[in-house]
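In our numbering, the protein residues as written are 12 to 136. The structure under discussion appears below in the form of structure tokens.
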Amino acid sequence: MTLPSRALEVAAKALYEGTLLPFQLIQSGAAPAHPAWDEMDERARQHYVRRAQKAIESPTFADYYAWCTLAWRTAPPDSAFAAEMGPEPQAGDDTEHMRGHRAEYYLAHHLLRADDAALLTESAA
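Below you can see the structure in the form of structure tokens.
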């Protein structure tokens, strides 16, 4: 499915503000350390646009989760990434990491429902 770039940006902003910022607040108990969407540079925004696009293109949560955790499967076991991130989370694990990705996936798909089509159509105009 191809969406207008503005619609993808709306979905990306929703992912960022609906998943990452609340997660940071829960973890720290204070204001998030991450900048507001409008304060981010284009490179940082494109990271979330790509996540939104991948979530929308993925037919199932398992497909999206496999993409999100690709780094765990491709990083050498003795890499700095593996040392910092630990073992690969499994899709069936009930972790904050998995729940965050699940929220991203379902939020992106929610934005595509007929009830929300006006939001995406309006944002693309």
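For each residue, glycine too, the CB sits at the ideal point set by N, CA and C.
Contact check for glutamate 115 and leucine 26: beta-carbon distance about 5 Å, within the 8 Å limit, so the pair qualifies.
Rounded to whole angstroms, the separation of the alpha carbons of glutamate 20 and valine 60 is 6 Å.
Only residues of its own chain outside the window of five on either side were considered, and among them Tyr75, Trp78, Tyr116 have a CB closer than 8 Å to the CB of serine 69, listed in chain order.
Secondary structure note for glutamine 64: its alpha helix (DSSP H) is the uninterrupted segment 53-68.
In this structure, proline 98 keeps its C-beta atom at 7 Å or more from the C-beta atom of histidine 108.
Rounded to whole angstroms, the gap between the alpha carbons of methionine 96 and proline 33 is 21 Å. A Cβ-Cβ distance of about 4 Å is found for the pair alanine 63 and alanine 22, placing them in contact under the 8 Å criterion.
Annotation: arginine 113 to aspartate 105 spans about 11 Å, alpha carbon to alpha carbon.
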